[in-house]
Ligand code: NDP
C-alpha cells in the first residue's frame, strides 16, 4: 500500500463517524498521492501524519441566558490545524449542524486555501452548534460574549485569528471582538472582518464573492471566453452569494436564480440585488419574499432544485454537499460551462468528478473562495502597520491574489499532465508550500 493510502486509511480508522472530514481528507490525499509517493522525503519526515493531525482541538461549553431568563448551553469548537506558514487562520461557523467532523473538514481545507493565497497564514476553523436564526440581538450578543470568554485564551493576532463564516457576519464579529478586548485589554487583529471604524478592512465584506468572480473571469479569459453575456445561477443568498452576484452582474453576466435553505427564486430579467440585500441583510427574512415583491420572479421550495435552472455558469455558494451527482448531471445536460465553488466543498465527490470528466471548467473552493481569507490577511497587515487602505487599493490586491491563484493552479495542473484539472492543481500547489515549511522547521 502506498504511503498516502496508508495514512488515509489509518486517519479514517482513528477518526470514525466524521464523514465530512473523511471526504475532504480523501479528496486531497488521493490527488496528491502520485506527487507525494514520488518524493520520499515527505514520508521520512512524517509530513502526512503530521498534516492530518490538528496541532490542537478545543471543545468547550458555551452557556448563555435567553430573553426569557432561561440558561441555554451550546458546544463551541476551535480546531487549530496547522501553523507551519503562519498563525492559524479561519472562520467561525454558527449553525445547528456544526460538529467536530464539519469543523475538521473546514480546517483541513483551510490549510491549503491559505497557502494558495501566498500570504503567511496557517489553517484553522471553529464555531458552534448555536442557531442564530430567530434570536434577538441581545441573545446573539450574550452568546458571542460567552463563546469568547472561553476562546479568548486560545486566540490572538500572532497565534490564531478567527473570522466569519455561515451565521457569523459583522454583527457577531463586533460582539466577539468587543469581549476579546475587554478580557485582554488588547486592540489587536485577533479577529478579522471587523467594522471599518474599529480596525476592519474595506472590501472584506465583498471579498469572497468578488474574489470568486475574479477567478472565474480569469479562468474564462484564459480559455478565450468571458462572463459578459453569460447566464449565472448562484445558490445561497448570504455574504458570499450576494457579493458574487453583484460582481458577476457588473461584469455583464445575468444572474437568474438565487436561494436559501428553503427554496430558490428565478427571475428571467436577472435578480434585482437591491431587493435581495433588503430582504437578507436588513430584514433577515426568507428569500420567498423576493417573489412577492418582484413581479417577474417565481419562488420554488426545495433549495437543491436550483440546479435544474439552465445556465452557463453555476456558483454554489451556500453549504457543503449542496450539489450532488444528479444535480451535476442536470447542469451538464443543460450545457453548463463553468462551475466555481463559493462555498466550501458544495459539490459532492461524484459531482466534482463528473464536471472534470465532462470537460466543465471546475474551480474548487480552496482556490475559488480564497478571496475572503486573503482580504482578512490584508486586514491583519493594515492593523500591523497601523494604516488603512482605500477600497480601490484593497480591491486591486484582492484581484491580483485571485488571478495569481488561478495562474498557479493552472500551471501546476499542466506541469503534472492534468490539464484543466484545477482540483489537482490547487491541492498540489497548496500542499507543496506547507510541506516545504514543515520540512524546514523540523519534526514539530
Ligand atoms: P451566510 O450565513 O452569510 O449565508 C449562507 C447562505 O446559505 C444562506 O443564504 C443560507 O440560507 C444558505 N444555506 C445554508 N444551508 C443551506 C442549504 N442546506 N441549502 C441551501 N442554502 C443553504 O454564509 P456565507 O455566505 O458566509 O458562507 C457560505 C459558504 O461560503 C459556506 O460554505 C462558507 O464556509 C463559505 N465561505 C465563506 C467565506 C466568507 O468570507 N464568508 C469565505 C470562504 C468560504 P438560510 O438563511 O436559509 O440558512
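Residue numbers (this note's numbering): 821 to 1264.
All C-beta atoms, glycine included, are put in the ideal place defined by N, C-alpha and C.
Spanning the alpha carbons of residue 1096 and residue 1108 requires a straight line of approximately 10 Å. Taking 8 Å as the cut-off, one finds at least one heavy atom of ligand 1 near enough to the beta carbon of residue 1137. Under the DSSP definition of a beta bridge, residue 1098 lacks any partner. Here the stretch 869-880 makes contact with the stretch 900-907; the two share three or more CB pairs at distances below 8 Å. The DSSP-derived three-state label of residue 1263 is coil. Burial state of residue 1250 is buried, judged by a 10 Å Cβ sphere holding 16 or more other Cβ atoms.
CA-CA distance, residue 1008 to residue 1067, rounds to 31 Å. Residue pairing by DSSP places residue 1118 opposite 1086 in a beta bridge. With fewer than 16 other beta carbons inside 10 angstroms of its own, residue 1041 counts as exposed.
Beta-bridge analysis with DSSP links residue 1204 to no other residue. Per the C-alpha coordinates, the member of 1086, 1148, 1044 positioned closest to residue 1177 is 1148. Looking at the backbone, the Cα of residue 960 and that of residue 1253 are separated by about 39 Å. The criterion of a C-beta distance shorter than 9 Å is not satisfied by residue 1054 and residue 987. Taking 3 residues as the shortest admissible run, the stretch 1124-1158 contains the following complete beta strand (DSSP E) segments, listed from N- to C-terminal end: 1133-1135. Under the DSSP assignment, residue 828 falls in the alpha helix (DSSP H) whose first and last residues are 823-834. Here the distance from the Cβ of residue 982 to the nearest heavy atom of ligand 1 is not below 8 Å.
Nearest C-alpha to residue 847 among 965, 1012, 944, 1242: 1242. Of the candidates 1025, 1136, 1098, 1136 places its Cα closest to the Cα of residue 1075.
Secondary structure at residue 1230: helix, using DSSP grouped into helix, strand and coil. Per DSSP, the beta-bridge partners of residue 980 are 908, 976.
In this structure residue 862 is in contact with residue 1255, their Cβ atoms being roughly 6 Å apart against a cut-off of 8 Å. Ranked by Cα distance from residue 1015, the first of 1231, 1065, 1199, 888 is 1199. The alpha-carbon separation between residue 1119 and residue 1073 amounts to approximately 21 Å.
When DSSP states are grouped into helix, strand and coil, residue 849 belongs to the helix group. Taken atom to atom, the span from the alpha-carbon of residue 1187 to that of residue 1003 is near 36 Å. Around residue 1026, the same chain offers 1063 as residues with beta carbons nearer than 6 Å, after the five sequence neighbours per side are excluded. Taken in chain order, the complete alpha helix (DSSP H) segments of 4 residues or longer contained in the stretch 1157-1181 are 1169-1177. Nearest to residue 1045 by C-alpha distance, out of 1130, 1157, 957, 1225, is 1157. The continuous alpha helix (DSSP H) containing residue 1060 extends over residues 1059-1070. In this structure residue 840 is buried. Its beta-carbon is surrounded by 16 or more other beta-carbon atoms within 10 angstroms. For residue 962, the enclosing alpha helix (DSSP H) stretches over residues 957-971.
Under DSSP, residue 1078 forms a beta bridge with 1085. Runs of the alpha helix (DSSP H) lying entirely within the stretch 978-1023 and spanning at least 4 residues, in chain order: 990-1004. Taking the Cβ of residue 1004 as the reference point, every heavy atom of ligand 1 lies at 8 Å or farther away.
Under the three-state reduction of DSSP output, residue 883 falls in the strand class.
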